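Here the protein sequences come in this chain order: R and P. For reference, each letter of the first sequence is one residue, going 1 to 661 in our numbering. For reference, each letter of the second sequence is one residue, going 662 to 822 in our numbering. As structure tokens, the structure follows; a few thoughts come after it.
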Amino acid sequence: MAKLRMKRIEILALLEHSKDIIDLLQIKGTVELSERVECDAFEGLPTHPSVSFFEKYLNEAKSAYEVLSQYDDSKGSLLSALEGKRELTISEYIKKTENVDWILSRCAKVNALHKSIQEDKAALAQLESQTDLLLPWINLDISPLFKPNGQSRIFVGSLPLLYTEEELNEAIIGQIAEESFFDLHIISTIKEKTNIALITHSSVADDVLGALKALGFAKISDSIKGIPAEELAKVENDMSGLEKKIDEDTKELKSFTDCLEGIKFVIDYFTLRINKYENMEKLSVSNNALVISGFIPEKKSERLAKELEEKFSAIVSLNEPDEDDDVPVLLENRPFAAGVEGITEMYSLPGKEDYDPNPVMAFFYYALFGIMLSDAGYGLLMVISMLFVKFKYKLESNTKKTVDMFLYCGVSTLFWGAMFGSWFGDIVQVVGREFFGKDIPSLALWFEPVNDPMKMLLYSFLFGIMHLFLGLGIRFYTLWKNNQKLDAVLDVIPVYLLVTGVAPIGAGVVLDVPETISSIGKKLALAGAVLIILTSGRSAKNIIGKLGGGLYELYNTGAGYMGDILSYSRLLALGLSTGVVASVINLLGTMPSNKILKAIMLIFVFIFGQGVNLAINLIGAYVHTNRLFFVEFFSKFYEGGGRAFTPLKMNTSYFKIKEEK
Amino acid sequence: MENLGTVLAVLGAAIAAVLSGLGSAKGVGLVGQAAAGVITEDPSKFGKVLILVILPGTQGLYGFLTAFLQLVQLNIIGGEYVPISLAKGLMYFGACMPIAIVGYFSAIAQAKAAAAGVNIVAKKPAESGKALTFAAMVETYAVLALLISILAMFSITGINL
Numbered sequence: 001m002a003k004l005r006m007k008r009i010e011i012l013a014l015l016e017h018s019k020d021i022i023d024l025l026q027i028k029g030t031v032e033l034s035e036r037v038e039c040d041a042f043e044g045l046p047t048h049p050s051v052s053f054f055e056k057y058l059n060e061a062k063s064a065y066e067v068l069s070q071y072d073d074s075k076g077s078l079l080s081a082l083e084g085k086r087e088l089t090i091s092e093y094i095k096k097t098e099n100v101d102w103i104l105s106r107c108a109k110v111n112a113l114h115k116s117i118q119e120d121k122a123a124l125a126q127l128e129s130q131t132d133l134l135l136p137w138i139n140l141d142i143s144p145l146f147k148p149n150g151q152s153r154i155f156v157g158s159l160p161l162l163y164t165e166e167e168l169n170e171a172i173i174g175q176i177a178e179e180s181f182f183d184l185h186i187i188s189t190i191k192e193k194t195n196i197a198l199i200t201h202s203s204v205a206d207d208v209l210g211a212l213k214a215l216g217f218a219k220i221s222d223s224i225k226g227i228p229a230e231e232l233a234k235v236e237n238d239m240s241g242l243e244k245k246i247d248e249d250t251k252e253l254k255s256f257t258d259c260l261e262g263i264k265f266v267i268d269y270f271t272l273r274i275n276k277y278e279n280m281e282k283l284s285v286s287n288n289a290l291v292i293s294g295f296i297p298e299k300k301s302e303r304l305a306k307e308l309e310e311k312f313s314a315i316v317s318l319n320e321p322d323e324d325d326d327v328p329v330l331l332e333n334r335p336f337a338a339g340v341e342g343i344t345e346m347y348s349l350p351g352k353e354d355y356d357p358n359p360v361m362a363f364f365y366y367a368l369f370g371i372m373l374s375d376a377g378y379g380l381l382m383v384i385s386m387l388f389v390k391f392k393y394k395l396e397s398n399t400k401k402t403v404d405m406f407l408y409c410g411v412s413t414l415f416w417g418a419m420f421g422s423w424f425g426d427i428v429q430v431v432g433r434e435f436f437g438k439d440i441p442s443l444a445l446w447f448e449p450v451n452d453p454m455k456m457l458l459y460s461f462l463f464g465i466m467h468l469f470l471g472l473g474i475r476f477y478t479l480w481k482n483n484q485k486l487d488a489v490l491d492v493i494p495v496y497l498l499v500t501g502v503a504p505i506g507a508g509v510v511l512d513v514p515e516t517i518s519s520i521g522k523k524l525a526l527a528g529a530v531l532i533i534l535t536s537g538r539s540a541k542n543i544i545g546k547l548g549g550g551l552y553e554l555y556n557t558g559a560g561y562m563g564d565i566l567s568y569s570r571l572l573a574l575g576l577s578t579g580v581v582a583s584v585i586n587l588l589g590t591m592p593s594n595k596i597l598k599a600i601m602l603i604f605v606f607i608f609g610q611g612v613n614l615a616i617n618l619i620g621a622y623v624h625t626n627r628l629f630f631v632e633f634f635s636k637f638y639e640g641g642g643r644a645f646t647p648l649k650m651n652t653s654y655f656k657i658k659e660e661k
Numbered sequence: 662m663e664n665l666g667t668v669l670a671v672l673g674a675a676i677a678a679v680l681s682g683l684g685s686a687k688g689v690g691l692v693g694q695a696a697a698g699v700i701t702e703d704p705s706k707f708g709k710v711l712i713l714v715i716l717p718g719t720q721g722l723y724g725f726l727t728a729f730l731q732l733v734q735l736n737i738i739g740g741e742y743v744p745i746s747l748a749k750g751l752m753y754f755g756a757c758m759p760i761a762i763v764g765y766f767s768a769i770a771q772a773k774a775a776a777a778g779v780n781i782v783a784k785k786p787a788e789s790g791k792a793l794t795f796a797a798m799v800e801t802y803a804v805l806a807l808l809i810s811i812l813a814m815f816s817i818t819g820i821n822l
């Protein structure tokens, strides 16, 4: 139960079977194909053109899906994401593929409709701005472009500031020296602007225009060409036409929503084909033979080899991977350990020299998470909801791992919450005191950290030391197995001695440590320190380098481990913060003095407040547990850098295609 | 004047809640802006960025926690009010300072790391766990400050002055 052993697989088969073999490999999903090695006798299959065709179709289907799901009213709940993929047998799958072309034509139609709706909406917006432009001129009963006979000229436009007709008349007259004849009409006054039309005799037109310009006259927009009222009617007519068209198109789009299932299938179908064709580029073919090479988990290899040999009379060879092969990593664990696989993957997959850390880290992961969340009520909620999800839905393997992780974290939270006597904070005591007048004593099976934070702090450090020692232990084991026995002993044992020795001395600062223990501690610490000084510089060439390296390493170890252990104080801090905030919420709920009011208030405050507190602290516990593993724990032994196993498989998102029995 | 000690202690509690609350508000707002940008492009990433948005919010919670515990220690919330000495009040005031000051600055520093993390989520959603880790690194110092504040407060209660 750990990293699966990989075998190198080579398949030699007749070219005519190539598609069937790839199909079989894809359905089995157990072989990762390796890149083709260049050689003279065999060539690659150029599949790139087909892939780009498929990608075009895939994009068409995807954008149609996106458009339609906006219009789909039958949206599922949040939990429906957990429902998993619908299962299809291969014959059902093949039957559905007949529909692909028809669905694709629907997709094209959907996309065209969507595009035309978007364009219409843009046009509508433009017309709307046109109406804004026309509205101030609605009382103008001539076209602004109207040219009267040679005797007169017309100016239409706007002036800044608001004027009455008399004020404006005076203002213009004040600007021109001689008496002139003109006829002024104010069309409208809007938004600190006066819109006017002015008729004047052509002999004084230039003077009048000059006067207007001095007042800040601006000509009416060029886009108004006809009589404004008529233009407005036209624009409004166009707008209602567009609106009607948009409505009709939207209705038509909505009628396509029953195609959604079909479109999902088409998306999966092309995803599969793209994946398949991309992998076919990795094949080597000659005129009538083909070679496939790749990696396969050992335990699945024999069966696949047999099936290939029987069905296609192919020649399959299974070999141990070479020393310098880049062997992919696939983990397999029992559910308890598989829960934390996601956490390890987030950091890095185990490298060549690493063991799978999940089985040893799982227990500590759940324990530390539980201490940080440490409320039995929250733990119980987690356990119940995770069990509900587990039994109600058919989960995909990755979701299942996450659900398992939170399930075990919940169990641990329940345990530690009970130890520390926190059930939704102090709700039991609060209800007892406020409604039944009874003082209920602490429910803690061990002790309440709020009452003795120092004790909890020391225990946090103790848990931390145990955690770090486990990491060091794995380092010892790994080095020992790799035949670096001397390194194993000298890297690990002195640190054990030093930390074990210093711990009671450190604890002595805050509590009474028996004389015998602290004196033993001093000796252990001294022995550890001396060992580190003497041995950790062993790779240096001369004696001074060795000693210098040793001293430097002693400083490093001391400072490093002190920082690492102090970091576990977050167990106390986060635990306290969950419990105390939960209690504060309960306290807020009991503010009214009337008992009935108090009960109602408490129920509301309790549900809302505890919900928020749970959410925030869940995130806190998750993030900080991860940190303790990534920074403190993994640094002790873990190299990482492994490459994930990515087999050719049915990488669908909506349907699960299974073999018929 | 006999109440001056308590006044100082309550002032300390208030500063702890105010400063760390301010820091968290600033921080959550900062990451929220970055997150909103991602959501306009891809609403399905809401869950992932939400965690990053919430992260700088914990400092406010720590300040609140400290202030609340302090008010309980002073018997202002629950219990019988008894004035404390000036020296003790000043000690309580001092005890609040770590989480008040570190809370404020760490929330903003964490927000910057988280906002950068939002970019990781936008470009490489698979690596969002790493983005979370960077932001969580900053939080360590807020946690340490909270611890000192709380431990000091509990210890001060035990001193007879």
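Virtual Cβ for every residue (Gly too), placed ideally from N, Cα, C. Bear in mind the structure is a predicted one, so any value in this text is a computation, not a measurement.
| task | Just mark His624 (chain R) as buried or exposed, buried being the case when its beta carbon has 16 or more other beta carbons within 10 Å. | result | Your numbering for residue 624 (chain R) matches position 624 in the first sequence. Buried is the call here.
| request: Find the residues of chain R that neighbour Ala675 (chain P), judging by a C-beta separation of less than 7 Å, and give them in chain order. | output: Numbered from its first residue, the second sequence carries residue 675 (chain P) at position 14. Residues of chain R passing the Cβ test: none, with the nearest at roughly 16 Å.
| field | Backbone secondary structure at Val662 (chain P) - three-state DSSP | value | For the purposes of this step, residue 662 (chain P) is taken as the residue at position 1 of the second sequence. For the sequence presented, residue 662 (chain P) should be read as Met rather than Val. It is coil, neither helix nor strand.
| task | Kindly say whether Met346 (chain R), judged by its beta-carbon, lies nearer than 7 Å to any beta-carbon of chain P. | result | As a first step, residue 346 (chain R) must be located in the first sequence, where it is residue number 346. With its beta carbon less than 7 Å from one in chain P, Met346 (chain R) belongs to the interface.
| Cβ of Asn275 (chain R) within 7 Å of Cβ of Asn651 (chain R)? | Mapped onto the first sequence, residue 275 (chain R) falls at position 275. Mapped onto the first sequence, residue 651 (chain R) falls at position 651. A distance below 7 Å separates the beta carbons of Asn275 (chain R) and Asn651 (chain R).
| message | To the nearest angstrom, how far is the alpha carbon of Gly642 (chain R) from that of Asn821 (chain P)? | response | Residue 642 (chain R) sits at position 642 when you count from the first residue of the first sequence. Residue 821 (chain P) sits at position 160 when you count from the first residue of the second sequence. Each residue's alpha carbon lies about 59 Å from the other.
| field | Chain-ordered residues of the segment 572–589 of chain R with a beta carbon less than 8 Å from chain P | value | Hits within the stretch, in order: Leu572, Ala573, Leu574, Leu576, Ser577, Val580, Val581, Val584, Leu587.
| request: Throw me the rounded Cβ distance for the Ser669 (chain R) and Ala367 (chain R) pair, which I believe falls under 8 Å. | output: The displayed coordinates of chain R run from 1 to 661. Any statement about residue 669 (chain R) would go beyond what the structure contains.
| request: State the Cα-Cα distance for the pair Thr30 (chain R) and Ala13 (chain R), rounded to the nearest angstrom. | output: Counted from its first residue, the first sequence places residue 30 (chain R) at position 30. Counted from its first residue, the first sequence places residue 13 (chain R) at position 13. Straight-line Cα distance between these residues: approximately 18 Å.
| task | Quick one: measure Cβ to Cβ for Ile263 (chain R) and Tyr65 (chain R), integer angstroms, because I've assumed they're closer than 8 Å. | result | Walking along the first sequence from the start, residue 263 (chain R) turns up at place 263. Walking along the first sequence from the start, residue 65 (chain R) turns up at place 65. Between Ile263 (chain R) and Tyr65 (chain R) the beta-carbon gap is near 5 Å, inside 8 Å, which marks them as a contact.
| said: Can you tell me whether Thr200 (chain R) is helix, strand or coil according to DSSP? | reply: Stepping through the first sequence from its first residue, residue 200 (chain R) is reached at position 200. Correct three-state label for Thr200 (chain R): strand.
| field | Helix, strand or coil at Ile427 (chain R) [DSSP, three-state] | value | Residue 427 (chain R) sits at position 427 when you count from the first residue of the first sequence. DSSP, read as helix, strand or coil, puts Ile427 (chain R) in helix.
| Straight-line gap, Phe53 (chain R) to Ser63 (chain R) (C-alpha atoms, nearest Å) | Within the first sequence, the letter at position 53 stands for residue 53 (chain R). Within the first sequence, the letter at position 63 stands for residue 63 (chain R). Computed Cα separation, rounded: 16 Å.
| said: With a threshold of 7 Å on Cβ separation, who are the neighbours of Ala792 (chain P) within its own chain once the five nearest residues in sequence on each side are excluded? | reply: In the second sequence, counting from the first residue as 1, residue 792 (chain P) sits at position 131. Excluding the 5 residues flanking it on each side, Ala792 (chain P) has same chain C-beta neighbours closer than 7 Å at Leu713, Gly778, Ile781, Val782, in chain order.
| When you compare each of R:Arg86, R:Arg475, R:Ser50, R:Ser18 to Glu396 (chain R) by their alpha carbons, which one comes out closest? | For the purposes of this step, residue 396 (chain R) is identified with residue 396 of the first sequence, where counting begins at 1. With distances taken between CA atoms, Glu396 (chain R) lies nearest to R:Arg86 out of R:Arg86, R:Arg475, R:Ser50, R:Ser18.
| His114 (chain R), buried or exposed, once every other Cβ within 10 Å from all chains shown has been counted against 16 | Position 114 of the first sequence, counted from the start, is the residue given in the question as residue 114 (chain R). Result: buried.
| message | Tell me which residues of the segment 593–616 of chain R have at least one Cβ-Cβ distance to chain P shorter than 7 Å, keeping chain order. | response | Hits within the stretch, in order: Ile616.
| request: Taking all protein chains shown into account, decide if Ile715 (chain P) is buried (16 or more other Cβ within 10 angstroms of its Cβ) or exposed. | output: To locate residue 715 (chain P), count along the second sequence from 1; it is residue 54. By the neighbour-count criterion, in which a residue is buried when 16 or more other Cβ atoms sit within 10 angstroms of its Cβ, Ile715 (chain P) is buried.
| message | Can you list, in chain order, the residues of its chain with a C-beta nearer than 6 Å to that of Ala488 (chain R)? Leave out the 5 residues immediately preceding and following it. | response | Numbered from 1 along the first sequence, position 488 holds the residue referred to as residue 488 (chain R). Around Ala488 (chain R): Phe476, Leu479, Trp480.
| field | Every unbroken alpha helix (DSSP H) inside the segment 506–578 of chain R [4 residues or more] | value | Counting whole runs of 4 or more residues, the segment 506–578 of chain R contains the alpha helix (DSSP H) stretches 515–535, 543–567.
| said: Counting only Cβ pairs nearer than 8 Å, list the residues of chain P close to Pro453 (chain R). | reply: Against the first sequence, residue 453 (chain R) aligns to sequence position 453. Scanning chain P for C-beta atoms nearer than 8 Å to the C-beta of Pro453 (chain R) yields Ile811, Leu812, Phe815, reported in chain order.
| request: For chain P, find out if any of its Cβ atoms is closer than 7 Å to the Cβ of Ile440 (chain R); answer yes or no. | output: Along the first sequence, read from residue 1 onward, the residue named residue 440 (chain R) stands at position 440. No, its Cβ sits nowhere closer than 7 Å to a Cβ of chain P.
| So which of P:Ser810, P:Ala797, P:Met798, P:Ala768 has the shortest CA-CA distance to Lys687 (chain P)? | Taking the first residue of the second sequence as position 1, residue 687 (chain P) is located at position 26. Ranking P:Ser810, P:Ala797, P:Met798, P:Ala768 by CA distance to the CA of Lys687 (chain P) puts P:Ala768 first.
| message | Going by DSSP in three states, Thr652 (chain R) sits in which element: helix, strand or coil? | response | On the first sequence, residue 652 (chain R) is found 652 positions in, with the first residue counted as 1. In this structure, Thr652 (chain R) counts as coil in the three-state DSSP scheme.
| query | Quick one: which chain R residues come within Cβ less than 7 Å of Ile762 (chain P)? | reply | Working through the second sequence from its first residue, we reach residue 762 (chain P) at position 101. Near Ile762 (chain P) there are no residues of chain R at all, since even the closest Cβ is about 17 Å away, more than 7 Å.
| Meets three-Cβ-pair contact criterion under 8 Å: the segment 210–224 of chain R and the segment 100–114 of chain R | They do not touch, by the three-pair rule.
| query | Is the Cβ of Val110 (chain R) closer than 7 Å to any Cβ of chain P? | reply | Position 110 of the first sequence, counted from the start, is the residue given in the question as residue 110 (chain R). With 7 Å as the cut-off, Val110 (chain R) does not count as an interface residue toward chain P.
| query | Quick one: what does DSSP say Leu161 (chain R) is sitting in, helix, strand or coil? | reply | In the first sequence, residue 161 (chain R) corresponds to position 161, counting from 1. Note: Leu161 (chain R) maps to coil in three-state DSSP.
| Is the distance from the Cβ of Ala761 (chain P) to the Cβ of Ala677 (chain P) below 7 Å? | In the second sequence, counting from the first residue as 1, residue 761 (chain P) sits at position 100. In the second sequence, counting from the first residue as 1, residue 677 (chain P) sits at position 16. With respect to Ala677 (chain P), Ala761 (chain P) sits close: the two C-beta atoms are nearer than 7 Å.
| field | Through-space distance from Leu722 (chain P) to Gly690 (chain P), alpha-carbon basis | value | In the second sequence, the residue the question calls residue 690 (chain P) occupies position 29. In the second sequence, the residue the question calls residue 722 (chain P) occupies position 61. Between Gly690 (chain P) and Leu722 (chain P), the C-alpha separation is close to 16 Å.
| query | In whole angstroms, what is the alpha-carbon distance linking Ala525 (chain R) and Leu554 (chain R)? | reply | Within the first sequence, residue 525 (chain R) is the residue found at index 525, counting from 1. Within the first sequence, residue 554 (chain R) is the residue found at index 554, counting from 1. Whole-angstrom Cα-Cα distance: 11 Å.
| field | Beta-carbon contacts of Phe424 (chain R) that lie in its chain and below 6 Å, excluding the five residues immediately before and after | value | Working through the first sequence from its first residue, we reach residue 424 (chain R) at position 424. The answer, listed in chain order, is Gly377, Ala582, Gln610.
| message | Please report whether the beta-carbon of Leu726 (chain P) lies at a distance below 7 Å from any beta-carbon of chain R. | response | Taking the first residue of the second sequence as position 1, residue 726 (chain P) is located at position 65. By this cut-off, Leu726 (chain P) is an interface position.
| field | Proximal residues to Ile138 (chain R) (C-beta, below 6 Å), its chain only, five neighbours per side dropped | value | The count along the first sequence starts at 1 and reaches residue 138 (chain R) at position 138. Answer for Ile138 (chain R): Pro228, Ala229, listed in chain order.
| message | Residues of chain P with CB closer than 9 Å to the CB of Arg433 (chain R), please, in chain order. | response | Position 433 of the first sequence, counted from the start, is the residue given in the question as residue 433 (chain R). Chain P residues near Arg433 (chain R): none, gap ~11 Å exceeds 9 Å.
| query | Can you find a CB in chain P that lies within less than 7 Å of the CB of Arg671 (chain R)? | reply | This structure does not reach residue 671 (chain R), given that chain R is present from 1 up to 661, and the question cannot be answered.
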